[in-house]
Amino acid sequence: MSATLKHAAWVLRGNPVTALAATGATLLVLIAIFAPWLAPHDPIASNVPMALQPPSATYWAGTDQLGRDVFSRLLVATRLDLAIAISAVSISFAAGAVIGSFCGYVGGWLDKSVGRVVDVLMAFPLFVLAMAMVAALGNRVENIVIATAFINLPFYIRFARAEVNVRRNLGWVEAARSGGESHLTIVLRYLLPNILPAMAVQISLNLGWAILNAAGLSFIGLGVQPPTPEWGIMVAEGARFITAGQWWLVAYPGLALMLTVLCFNLLGDGLRDILDPRMRT
Amino acid sequence: MSLLQVQDLRVSFSTRRGVVEAVRGISFDLPAGRTLAVVGESGSGKSVTAYAVTGLLDRAGRIAGGKILFKGRDITHARESELRALRGAAISMVFQNPRAALNPIRSIGRQVMDALSAHNSLTGREKREKALDLLRAVLIRDPERRFDAYPHELSGGMCQRVMIAMAMACEPALLIADEPTTGLDVTTQKTVMDLLAKLVAERDMAMILITHDLGLAAQYCENVAVMQEGVLVEQAPAAQLFQRPQHPYTQRLVAASPTPRSTVQELVGEPPAPPIIRPAPAPGAAPLLEVHRLTKLYDGFKAVDDVSFTLRAGESLGLVGESGSGKSTISRMVCRLIDHSGGSVVFDGHDIGDVKARDFHASRFRREIQLVFQDPHESLNPRFTAFDAIARPVTRLLGITDSRELTGRVEEAAERCGLPRNLLGRFPHQLSGGQKARVGIARAIAVGPRLLVLDEPTAALDVSVQAVVLKLLDDLRRQDGLAFLFVSHDLNVVRMMCERTIVLRQGQVVEQGDSAAIFAAPSDAYTRELLTAIPHFDPVAA
């Protein structure tokens with residue numbers, strides 16, 4: 001384990017952008033965990049006399065139309081947005097990696113039929129598909145997670161399939177077969193761990209995308225409902241006031257979204273280097 | 282005056298572990314029109330030297346000291362623009378793996394024309410004429426028709442000839458050939474090298490041939506320089522160097538190279554061992570392996586066509602052939618990794634062909650037939666330690682799960698393969714090529730098989746490592762009475778390792794019989810061609 005840490009430290013030293021992204025991501029997770037204790041004000045309690053205050057020493061990011069502290073809401077929203085993104089990506093990664101690996105390894109009719117289903121799925125505008133799913137399943141947070149996971153699934157299936165496909169005839173897979181390993185073991189214990197480094201990149205890029213997707217759904221009124229703090233809703237609610245010059249309602253949640261997505265995107269490449277044992281000489 | 286003078290050249294690479302010196306002060310002179318071979322094993326710095334001369338070092342590498350003089354001019358730190366003027370026109374290179382060096386989406390004729398126009402101003406028609414002349418010079422048949430062919434439509438040997446045509450295009454004074462025939466079949470290697478030697482002699486060019494093959498160096502170059510770990514240890518005329526090697530490393534290298542008469546023991550400098558005497562099989566006893574009329578079809582193409590042979594317990598049989606001969610396909614069918622299209626594979630009296638290859642991992646014969654793979658690097662799971670690689674089959678096939686028993690078994694197998702215990706915790710990328718080969722062999726023998734199928738087990742190894750691995754395999758066979766099915770393209774290796782040999786060509790058996798007899802008096806023309814194509818430095822054999 002210490003070797004892994006040492007290696008991670010080495011990659012981060014040689015790659016300041018990754019280090020910055022990793023710091024940002026860690027910070028985000030910490031904020032998500034401790035948000036209720038960090039928030040200076042109650043994120044939900046309205047305080048109408050103080051409505052639409054510009055950023056000041058008391059209200060760092062100003063207040064919204066109900067007088068709620070935008071900064072506190074931003075902090076608390078981190079938890080929900082990250083939770084949605086992480087659980088959605090975990091589900092689609094787990095399911096997609098396994099399905100894709102089997103397709104790539106077994107080939108034949110399984111590969112062909114799953115491949116066609118994936119093609120059909122990818123032919124839909126994915127965001128519209130997610131909207132339809134949430135609308136049909138009901139306006140709840142679980143359903144945002146399911147919809148986000150579902151529209152990401154095709155990418156993971158394709159990715160895992162391609163990565164396994166190039167490896168299925170390598171010597172060590174044949175060696176595993178002549179060592180008496182069953183096909184199930186070969187996929188789960190041999191092939192999956194080997195495609196993880198490449199998939200880590202995909203996961204990281206996808207996290208950013210999933211956050212945008214969840215925020216997007218809330219923005220158009222699906223999924224998370226007011227008064228729950230969520231970046232997408234905050235942008236949606238603030239949009240009405242932007243023409244009146246109350247820019248902070250939209251700018252800060254937008255900025256939070258942008259920085260979060262950027263963090264995960266930048267983290268991707270560095271992650272691959274950290275997780276690949278062959279880079280660790 | 283020398284065409285190329287290299288004086289105390291040092292090349293260093295900055296890596297994660299600090300600065301590594303790949304070339305540590307080498308000097309040599311190459312007069313115009315002469316040929317020099319730079320010989321060495323992997324990591325000796327031979328290719329880096331060539332790249333330094335042509336200014337093609339990658340970004341991490343730099344010339345740390347010394348001088349390179351070309352026609353008396355110092356080009357050690359020449360600017361990129363000066364070097365570009367020199368490359369192709371005065372110095373050109375032929376690379377390893379011609380397919381990768383050619384542009385896949387441009388026709389070969391166009392690529393030769395591009396090489397011409399890099400340093401000449403010719404009209405389109407002149408260029409085309411000249412390109413055709415060059416293709417003719419490299420013996421490409423029907424060049425008008427081939428002119429518009431793409432690299433993937435040509436064989437590896439043809440691609441290398443196109444590369445040679447491109448290298449010759451601007452009539453350089455110096456040609457550097459970096460392992461130009463690695464990956465080609467021996468007969469193709471011979472035609473390519475003969476052609477290269479002829480063209481160089483005709484045009485009075487100087488040539489540096491970089492190779493790991495001592496035979497090739499001796500046959501095609503006047504002078505040979507031997508490199509070891511970035512140092513030039515010995516330099517002498519070819520004949521002298523191989524007959525009376527002075528430096529201990531050269532001596533070891535010469536001894537380790539298989540010749541038509543050497544034995545496995547001689548390669549590692551040991552006294553010859555007595556021939557293996559096996560007890561005569563009981564009358565009427567079935568052979569260990571009986572392959573009958575084996576056929577494999579790929580989309581109607583017969584990769585293996587009606588091949589039959591038998592193998593007795595403890596016997597060693599060689600399968601020899603060039604690429605496309607079906608030798609690897611046969612080994613995979615015998616191992617039951619792929620299904621055959623016709624015929625039968627009978628192991629120890631049981632037809633193992635009736636279990637599908639897909640389900641063979643659960644067969645009781647799985648542990649009896651084990652495989653050692655060609656590329657030791659590719660055959661180890663990058664995420665398993667050496668210990669796990671050896672232990673998994675033991676767990677699966679022998680059902681040993683008790684950790685102490687398992688450890689004992691793995692360590693015993695590793696020890697028998699000469700793998701130190703402290704290496705068992707390492708991952709493949711932390712092991713050398715020879716160590717990986719040992720892990721692969723230990724993995725195969727740990728489950729106690731009766732038949733070991735070896736698919737070019739030493740093809741990817743340096744010659745000194747090959748010698749040690751061959752000796753190890755020979756010892757294992759002597760101790761365990763294992764039967765070998767030894768697949769190889771190298772006839773000398775097969776002759777040393779196998780009692781009987783089968784020569785294959787395009788999926789069919791050309792000749793089979795006693796190894797010694799086949800090598801002494803091949804009855805088929807193709808076998809003779811294969812035998813004469815092997816490069817050698819042995820004055821007696823020549």
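From first to last, the protein sequence lines stand for chains A and X.
Everything in the first sequence is counted per the working numbering, starting at 1 for the first residue and increasing by one.
Everything in the second sequence is counted per the working numbering, starting at 282 for the first residue and increasing by one.
Glycine included, each C-beta is placed from N, C-alpha and C at the ideal position.
Note that the coordinates shown come from a computational prediction; the quantities given were computed from them, not determined experimentally.
The beta carbons of E230(A) and A251(A) sit no closer together than 9 Å.
L679(X) and A554(X) have their C-alpha atoms spaced approximately 33 Å apart. Cβ-Cβ separation between I151(A) and C103(A): approximately 19 Å, too far for a contact (criterion under 8 Å). The Cβ atoms of P54(A) and Q202(A) do not sit closer than 9 Å to each other. A direct Cα-to-Cα measurement between F159(A) and M122(A) gives close to 13 Å. Between the segment 209-227 of chain A and the segment 119-139 of chain A, the count of Cβ pairs shorter than 8 Å is three or higher; the stretches touch.
Every alpha helix (DSSP H) of 4 residues or more that sits fully in the segment 419-491 of chain X is shown, in chain order, as 424-427, 437-449 and 467-483. Contiguous beta strand (DSSP E) elements confined to the segment 609-689 of chain X occur at 623-628 and 650-653, taking only those with 3 or more residues.
The three-state secondary structure of Y105(A), taken from DSSP, is helix.
The beta-carbon distance between L495(X) and V768(X), rounded to whole angstroms, is 24 Å. This is too long to meet the 8 Å contact definition. Around P541(X), no beta-carbon contact reaches into chain A at under 9 Å, the shortest distance being about 31 Å.
A straight line joining the alpha-carbon of V784(X) with that of G179(A) spans about 29 Å. The continuous beta strand (DSSP E) containing A345(X) extends over residues G342 to F351.
For N504(X), none of the residues of chain A pass the 9 Å Cβ criterion, the least Cβ distance being about 36 Å.
Under the three-state reduction of DSSP, A370(X) is assigned to coil, being neither helix nor strand. Given a length threshold of 3 residues, each whole run of the beta strand (DSSP E) inside the segment 498-556 of chain X is given here in chain order: 504-509 and 512-518. Interface criterion not met: the Cβ of N703(X) is under 9 Å from no Cβ in chain A.
Between S323(X) and L534(X), the CB-CB gap reaches or exceeds 9 Å. In terms of CA proximity to A741(X), Q655(X) leads the group I633(X), R786(X), V775(X) and Q655(X).
Membership of E230(A) in any alpha helix (DSSP H) is not indicated, and neither H nor E is assigned to it by DSSP. The C-beta distance from F264(A) to L205(A) rounds to 7 Å, short enough to meet the 8 Å contact threshold. DSSP assignment within the segment 796-822 of chain X yields the following whole alpha helix (DSSP H) runs of 4 residues or more, N-terminal first: 796-801 and 806-814. Annotated as proximal: N194(A) and R664(X), with beta-carbon spacing under 9 Å. Around P432(X), no beta-carbon contact reaches into chain A at under 7 Å, the shortest distance being about 22 Å. Residues of the segment 647-658 of chain X with a C-beta less than 8 Å from any C-beta of chain A: R647, R648, I650, Q651, L652, F654, Q655 and D656, listed in chain order. A85(A) is the residue among I31(A), A244(A), A85(A) and K112(A) whose C-alpha sits nearest the C-alpha of A149(A). Scanning chain A for C-beta atoms nearer than 7 Å to the C-beta of L455(X) yields nothing, as the closest lies near 35 Å away.
Of the candidates L416(X), I445(X), A418(X) and T404(X), I445(X) places its Cα closest to the Cα of P379(X).
The alpha carbon of P49(A) has as its nearest neighbour, out of A61(A), R68(A), A39(A) and A57(A), the alpha carbon of R68(A). In the three-state reduction of the DSSP assignment, L570(X) falls in the strand class, which pools E and B.
Annotation: D269(A) is outside any beta strand (DSSP E); the continuous alpha helix (DSSP H) that includes it extends over W248 to L275.
By the neighbour-count definition (other C-beta atoms within 10 Å, threshold 16), M258(A) is an exposed residue. Under the Cβ distance rule, Y156(A) does not count among the residues neighbouring chain X, no pair being separated by less than 9 Å. Within chain A, A175, A176, S178, G179, G180 and E181 have C-beta atoms less than 9 Å from the C-beta of P674(X), given in sequence order. Using a Cβ-Cβ cut-off of 7 Å, H642(X) is close to R177, G180, E181 and S182 of chain A, given in chain order. Interface criterion not met: the Cβ of L110(A) is under 9 Å from no Cβ in chain X.
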